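To keep things clear, I will list the structure first and then write my remarks on it.
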């Protein structure tokens with residue numbers, strides 16, 4: 003079993019690769035191992051080679067608290083770097099099976115990587131039926147009696163997007179914690195606070211279910227961009243700015259495909275002895 007750590011704009015990802023062990027069954031063991039070694043991370047992802055005509059590898063994703071996640075676009079970027087470094091295959095593009103569909107990942111220029119994903123067709127998000135365009139508006143009262151209007155969208159995992167002119171002063175953590183307890187989100191939800199700078203750029207702060215505030219989140223960037231596109235606020239190519247850098251998001255309407263391009267840092271292999 004090999005454990006490697008990567009980071010995409012401060013979103014720390016652990017990749018655990020094994021051809022022999024059932025990593026899903028041993029997820030609690032992996033979680034305890036990482037905790038005992040005081041290894042900080044946001045998500046960890048099990049990676050297993052597949053004998054499959056459609057996919058080269060399969061992944062299962064877990065949050066910091068041990069709960070499962072359906073999608074992790076930054077994790078996909080990290081996996082692209084990992085396979086560039088470790089794969090004996092000289093190909094630069096890999097198909098990855100996830101619980102909701104498929105990632106198509108590839109390496110670009112040095113330390114820059116791409117993941118493409120066909121958007122889910124499912125219209126159910128946390129037991130709510132979304133409108134035909136994949137969006138739903140939801141007004142929620144928080145514990146401090148603040149009412150907020152959220153745009154809900156399915157990126158394989160559940161997302162709620164709040165647009166504002168100022169996201170720095172918003173109590174992201176308390177809002178995020180409140181939403182995890184809301185009857186509207188029995189499976190939890192990822193919260194994005196978004197400021198639209200122009201039609202080609204927005205700034206984000208993120209609260210991820212099972213983690214808390216994170217420095218970046220690829221699926222949240224996709225959710226926010228798609229929400230902006232479907233509301234007519236954004237173009238189909240958008241730069242999403244986080245504290246540590248930028249993800250470039252593009253949407254191909256004809257193929258219903260979204261692409262994330264971003265950088266990845268290799269933080270090294272973790273000794274399991």
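Residue numbers (the numbering used here): 3 to 275.
Beta carbons: idealized from backbone N, C-alpha and C, even for Gly.
Keep in mind it's a predicted model, so treat the numbers as computed, not measured.
Residue i and residue j: beta carbons closer than 8 Å?
i, j, result
"residue 235", "residue 198", "yes"
"residue 192", "residue 222", "yes"
"residue 196", "residue 206", "yes"
"residue 86", "residue 159", "no"
"residue 246", "residue 11", "yes"
"residue 120", "residue 258", "yes"
"residue 219", "residue 76", "yes"
"residue 248", "residue 163", "no"
"residue 204", "residue 184", "no"
"residue 202", "residue 244", "no"
"residue 7", "residue 270", "yes"
"residue 144", "residue 177", "yes"
"residue 268", "residue 90", "no"
"residue 212", "residue 69", "yes"
"residue 116", "residue 263", "yes"
Since I believe residue j is in contact with residue i (beta carbons under 8 Å), could you give me their beta-carbon distance rounded to a whole number of angstroms?
i, j, result
"residue 241", "residue 233", "Their Cβ separation, rounded to whole angstroms, is 18 Å, which puts residue 241 and residue 233 out of contact at 8 Å."
"residue 215", "residue 175", "6 Å"
"residue 32", "residue 49", "So it is not a contact: roughly 12 Å between Cβ atoms."
"residue 2", "residue 155", "What the structure shows of the chain is the stretch from 3 to 275, and residue 2 is not part of that stretch, so it cannot be assessed."
Which residues bound the alpha helix (DSSP H) around residue i?
i, result
"residue 232", "220 to 232"
"residue 181", "174 to 182"
"residue 76", "75 to 88"
Starting from residue i and walking both ways along the beta strand (DSSP E), at which residues does that stretch end?
i, result
"residue 243", "239 to 244"
"residue 169", "Careful: residue 169 lies outside any beta strand (DSSP E) and carries neither H nor E."
"residue 255", "From DSSP, residue 255 is part of no beta strand (DSSP E); its letter is neither H nor E."
"residue 97", "95 to 99"
"residue 216", "214 to 216"
"residue 302", "One cannot answer for residue 302 here, as it falls past the ends of the chain, which runs 3 to 275."
"residue 268", "267 to 272"
"residue 3", "Here residue 3 belongs to no beta strand (DSSP E), and DSSP marks it neither H nor E."
"residue 189", "First-last for residue 189: undefined, no H or E at that position."
"residue 66", "Per DSSP, residue 66 belongs to no beta strand (DSSP E) and is neither H nor E."
Inset, instruction - For the stretch 99 to 109 and the stretch 54 to 66, state whether three or more C-beta atom pairs, one from each stretch, are separated by less than 8 Å. - result: Verdict: yes, contact present.
Legend entry - Cβ pair count under 8 Å reaching 3, the stretch 34 to 49 against the stretch 3 to 18: Of all C-beta pairs linking the stretch 34 to 49 to the stretch 3 to 18, three or more are shorter than 8 Å, placing the two stretches in contact.
Inset, instruction - Report yes or no: do the stretch 106 to 114 and the stretch 147 to 167 share at least 3 C-beta pairs separated by less than 8 Å? - result: Per the Cβ contact rule, the stretch 106 to 114 is not in contact with the stretch 147 to 167 (fewer than 3 Cβ pairs under 8 Å).
Inset, instruction - Jot down the residue ranges of each uninterrupted alpha helix (DSSP H) in the stretch 12 to 58, minimum 4 residues, whole runs only, in chain order. - result: The stretch 12 to 58 contains these whole alpha helix (DSSP H) runs: 29 to 38.
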